[in-house]
Amino acid sequence: MEILHFDIAAPTSAGGTRAMALVGVVASGNLEVLVERSDAPDRCAIEISTAAHGFRDLWTAVAEDFVARRAAGGLRIAINDGGARPDTVSLRLAQGVRMIEEPEA
Amino acid sequence: MSNTRQSWYEAGARERIAALVDPASFAEFIGPERREISPHLSIFDLPTQFDDGIVVGCGAIGGTPVFVAAQEGRFMGGAVGEVHGAKLTGLLRAAKAVARDVVIAFDTGGVRLQEANAGEIAIAEIMRGVVEARMAGVRVVGLIGGRAGCYGGGGLIAGCCSTLIVSEQGRISVTGPEVIETNKGVEEFDSRDRSFVWRTMGGKHRTLIGGADVFVEDDTMAFRDATRAALARAPKLDGNTLAAEQARLERRITRFGEASDATDIWQLLGIDDPWAIPDMPATGFATLADTYRERADDAR
Amino acid sequence: MTPAEILDSLFPAGHAVTAEIDLLFGRGMLESGTVHVIGATGRAPIGIDQAIRLSAAVLEITSIDDAAPILFLVDTASQRMSRRDELLGLSEYLAHLAKSLLLAEARGHRTIGLLYGGSAAGAFIATALACGTLVALPGAHPEVMDLPSMARVTKLPIPVLEEKAKATPVFAPGLDNLVRVGGIAEVWDAGRSLSEQLTALLATPRAGDDRATFGSAQHGRTKAAAVASEILAVAGR
Amino acid sequence: MRQWNTRKALREERIAAGGVFANAKAIDPKHLVDFLEAVLRPGDRVCIEGDNQKQADVLARGLADMDPARIHDLHMVQSGVVLPEHLDIFDSGIAKRLDFSYSGPQSARIARMLFGGKIELGAIHTYLELFARYFVDLTPQVALIAAVSADRHGNLYTGPNTEDTPTVVEATSFGSGLVIAQVGEIVDTLPRVDIPGDQVHFVLDAGRPFYVEPLFTRDPAAMTETQILTAMMAIKGLYEPYGVRRLNHGIGFNTAAIELLLPTYGEKLGLKGKICTHWALNPHPTLIPAIEAGWVEQVHCFGSEVGMEDYLAARPDIFFTGPDGSLRSNRAFSQTAGLYACDMFIGSTLQIDLSGHSSTITANRIAGFGGAPNMGSDARGRRHPSAPWLQAGAEADPDTPAPLRRGRKLVVQIGETFGEGNAPLFVEKLSALELAEKLDLDLAPVMVYADDTTHIVTEEGIANLLLCRNADEREQAIRGVAGFTEIGRGRDKTMLERLRARKIIQRPEDLGIDPLDANRNMLAARSIKDLMLASGGLYRPPSRFRNW
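In order, the protein sequences belong to chains X, B, W and U. Residue 24 in the numbering used here sits at position 6 of the first sequence, with consecutive numbering throughout. Residue 46 in the numbering used here sits at position 34 of the second sequence, with consecutive numbering throughout. Residue 270 in the numbering used here sits at position 87 of the third sequence, with consecutive numbering throughout. Residue 886 in the numbering used here sits at position 524 of the fourth sequence, with consecutive numbering throughout.
See the structure below:
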């Protein structure tokens, strides 16, 4: 497995009060995204564990684009990747920040 | 705005639990934030999942507290590994200890290949857990209608439950179609003939031969309603139960042992047009099945 | 060892065990008393016809209130893989056999599995692993999943799998691996009297399902016991 | 003195030669190959169906079994190169030259044979072009067609899959060529007459129905959340603002997802009756829920679809049906309808370049064009106005006074930024160009030209190319929806924000689309079984699509 860490300055803080959100599953072409709160409202930390080695640049681009576009400040995000395409990763990340804004189920 | 019916087949483990239990009543044990992952998948450079493919916890159904477990059929085909299995074993032991019913949403291909020995023993531990809980008066209700079906050791665990609720999509068997085909040839079992696979292993056939108790639409609300009803039945597992099951299973061989296709069995049950069964909508089928089917009732 | 040799060594005082093709039924005598004997032998697969015959025997024993132990001799293939068995619901038959063994145990009959040959997959679960205590003879070769199938699914060559198997007992077939994950309580000494070893085993009381604890102690299954206990503790509150 | 009836005389010769192996018009099935060798001449121009869906498969087999020493160097003109036999005859030398439109399942082999010089290529056409040439310079001397049944006079019933047959017969029969039909059975009375018997010279009773491929069935179970997201964006960002009522959909999963979102997402947006009411479209099973929910007023079909026959017959208010009740399709008319009477074409493609050209050619596959370029092109001959057409025209050309301004058809490419096998949708150079270089073609096989393309939809956003005022803006608009492909990562972020402000690029968040709604629960049917149930059991899916 390749483990990647990102800690990115976030222009917008996450909303909502929920402590945790989980979207997606680890399956071929899919991934799970676990979103938790951190103490730094202006940072977003992302940790990725992936079996597809050698895509650091792509993950960097996806992660930076995500933090720039979505309200991701104050979040700590852990990803288990089953070889998802960038479009699926982007969608799951977007779903994760939306989910943590929602009231508890 | 979305499709009003929520498909059980399509739903993930967490969505199934959310649909089953009363709102805001669920508390997960060893949730994903604990990251209690499989210690073995890294040997194969395979990705892990934070809940190891099973969600266990307690909640309430219609106000009554229950333990709930749901397998995630999309993660490694819902296969049972060490951690996955231990979560369910622990839940069943707790059920026995505090005399609380258990609902298990199955979705599994059986033992996880990469940790086969641990998974195999886990299945044995879970079966013991189910049976001991049931002998102590606990109901263990199994729900089957997921994409991975209920295969291998999963099928054996299901066979220990007090009530099984299935949808058409729910397949229950030991050996999977591809494995039979690989080992015995395509003449014995054509795994790509999907309608044959469902006819042989699917929810309708299992309902008709008494392998499952309640047939429901592929709808999370239908599963919930049937679960509530199953939790209202008297719990029992004793010598009489197994004597009745022995008689029931012997009778099945006597009655249908020569049949070569599910449709032969359905014909023997007295159904005029067995080939119409696969296309029948759930409600029509359930009514027809009530008239003709074999049932397990207390013989399970 | 052959079933006959095993039975002779187990019951020097005599036994009345008869074979029905690959199945065994009967009883043997120890100094401590009667032992019911059933067996699934000849490396044969277990299908619905075998399972239903075995469960009938177990339930018959259960209905006798003698609290005598049941010894289950096991040397099977996997479950029978066929269209007919699956069509008729093999999962129910195997589960029913396991339930019968568990009921017998709850009714006061110790259930001892004696694995002396092979066993695999669903057949292993429904027979040997459904017994309260599982022991094995040297040379037994339990196999949840064979390496060639595993190589096919994991797309790893067999030598690579064999190499990985040196580091962990968790996936590869074989008696030692099953012992280390806690599946087998004892491996008997084929050179000593089996009768003595069985008598000694029966004299030791059994306390619950200790397979996970055992597996943890041998570093074969490091997490199962802890995870199950934690859930029992949290949920049992 | 010139003879003015040589073509008819030659046809008479062919009829006489073929008559040896036939009883009146009925060919002796045991002597099919002898018959074909008798009526054909080396170098003949031959049309075989060879359609997009249905196949004159028994006649194709017969052609392939002929002796190349007797019949060779045929010039095949056919819309679909689909069966292996269609190419076997080039391997054996029976045929030499090929003019065609579509080669779906044979796309890899046809590429190999073109590279290897086994086929002398005339041209790859769109359907309408090839049909047009049947009447100008590619009129067949012999046509081999397929029908459901015939009567003793040679009248033909072509059933729901009529497709190309009337066009082929019209050109061949009135152009003094010979028409040979393969039928499933010969009956006393036909359900309806699709082709009059005096245009048909010989009939082969094949004893079984012709082969037909379920080409337009997309299993909802395979639809991804990304596809659902792009479909939502298309509805909210294109169908709604332009008010698209008359349209054609391509065959991808993205457009099938749009069909399945109409009764759910479309309903929520209050668009029923305002969009998607009139179609030039094959009977897609995924359109069933929208039809049943009352969204659709009328559909004209190019062909039929396997399993849809009973459903179509039960919905004559929606579909074109004959006096027998079954569907009547017609590829030439429906293509014309798609070209001239639709305001939008939306379809998937495999490659889009930086100027907006798109192609389904990949390195080793030549799939042909089929009909997509007919739908996916602005009809320069169009003169009737409609709201979407005028609006698109105004966006493209705000300065010309309205009475003199051409409208524009909306031509939309939709897809995910990465396709199958992680292949990027956006490329620097189309594989079609490489192919043209390799085969020394005058034209690169471009499916939809950049100047016809008005919008590109991906999960990243919608690029409105009508609003771009120069090539640079156009390139950045394309890069802006190209996601994390190499092309997408080369975008200029400042420029992108400017384009976004001008709504040349609209992101899902700009359209107010919640990513949590990109969920399969949004689909009106999530399986083939759901489609069957939605049809009230009238849709009977082929077994390969069943899992029950």
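From the three backbone atoms N, C-alpha and C, an ideal C-beta is built for every residue, glycine too.
Contact check, residue i vs residue j, beta carbons under 8 Å
| i | j | result |
| --- | --- | --- |
| Ala223/W | Leu277/W | no |
| Thr520/U | Thr527/U | yes |
| Pro293/B | Arg211/B | no |
| Ala754/U | Leu829/U | no |
| Thr588/U | Asp105/X | yes |
| Thr310/W | Val257/W | yes |
| Arg727/U | Ser441/U | no |
| Met333/W | Ile192/B | no |
| Phe62/B | Gln126/B | no |
| Ser248/B | Ile414/W | The identity of residue 248/B in the sequence shown is Lys, whereas the question assumes Ser. No, they are not a contact pair. |
| Pro647/U | Leu893/U | yes |
| Gly201/B | Gly154/B | The sequence shown places Phe at residue 201/B, rather than the Gly named in the question. Against a cut-off of 8 Å, the Cβ pair of Gly154/B and Phe201/B comes out as no contact. |
| Cys638/U | Ala655/U | no |
| Thr101/B | Cys162/B | no |
Helix, strand or coil at residue i [DSSP, three-state]
| i | result |
| --- | --- |
| Trp210/B | helix |
| Met38/X | strand |
| Leu653/U | As written in the sequence, residue 653/U is Ile, which differs from the Leu given in the question. Three-state DSSP puts Ile653/U in a helix. |
| Met428/U | coil |
| Leu213/W | strand |
| Leu613/U | Reading off the sequence shown, one finds Ile at residue 613/U, where the question assumed Leu. In the structure shown, Ile613/U sits in coil (DSSP, three-state: anything other than H, G, I, E or B). |
| Val789/U | coil |
| Arg183/B | coil |
| Glu525/U | coil |
| Asn98/X | strand |
| Lys771/U | coil |
| Glu778/U | coil |
| Trp20/B | coil |
| Ala298/B | helix |
| Asn367/U | coil |
| Tyr901/U | coil |
| His487/U | coil |
| Met13/B | In this prediction, Met13/B scores a pLDDT of 45, lower than 50, which makes its location untrustworthy; the coordinate-derived value is nonetheless stated afterwards. Three-state result, Met13/B: coil. |
| Ala408/W | helix |
Nearest residue (CA-CA) to residue i, options the options
| i | options | result |
| --- | --- | --- |
| Ala418/W | Phe38/B, Thr239/B, Ala160/B, Thr232/B | Phe38/B |
| Arg61/X | Ser31/X, Glu50/X, Leu76/X | Ser31/X |
| Thr724/U | His434/U, Lys370/U, Val408/U, Arg474/U | Arg474/U |
| Asp218/W | Ala251/W, Ile231/W, Pro228/W | It is Val, not Asp, that sits at residue 218/W in the sequence shown. The shortest C-alpha separation from Val218/W is found at Ala251/W. |
| Leu895/U | Ile29/B, Ser185/B, Met147/B, Glu229/B | Glu229/B |
| Ala259/B | Asp268/W, Arg236/W, Ala373/W, Gly366/W | Arg236/W |
| Glu306/B | His217/B, Pro51/B, Gly149/B | His217/B |
Residue interval of the beta strand (DSSP E) (run including residue i)
| i | result |
| --- | --- |
| Glu20/X | 20-27 |
| Tyr464/U | 457-464 |
| Leu53/B | That residue, Leu53/B, is in no beta strand (DSSP E); it is neither H nor E in DSSP. |
| Glu122/X | No beta strand (DSSP E) contains Glu122/X, which DSSP labels as neither H nor E. |
Start-to-end residues for the alpha helix (DSSP H) that takes in residue i
| i | result |
| --- | --- |
| Leu243/B | 232-243 |
| Asn129/B | 128-147 |
I'd like to know if the segment 490-509 of chain U and the segment 432-450 of chain U are in contact, where contact means that at least 3 CB-CB pairs between them fall below 8 Å. yes
Across the segment 576-593 of chain U and the segment 426-436 of chain U, are there enough close Cβ pairs to call them in contact, namely three or more that are closer than 8 Å? no
Between the segment 612-624 of chain U and the segment 897-908 of chain U, can you find at least three pairs of beta-carbon atoms closer than 8 Å? no
Is the segment 187-194 of chain W touching the segment 207-214 of chain W, taking contact as three or more C-beta pairs under 8 Å? yes
Should the segment 538-551 of chain U be regarded as contacting the segment 595-608 of chain U, the criterion being three or more beta carbon pairs within less than 8 Å? no
Using 8 Å as the Cβ pair cut-off and three pairs as the minimum, do the segment 57-76 of chain B and the segment 376-390 of chain W touch? no
Can at least three beta-carbon pairs, one atom from the segment 663-682 of chain U and one from the segment 708-722 of chain U, be found at a separation below 8 Å? no
Contact between the segment 266-275 of chain W and the segment 179-198 of chain B is defined here as three or more beta-carbon pairs at a separation below 8 Å; is this criterion met? yes
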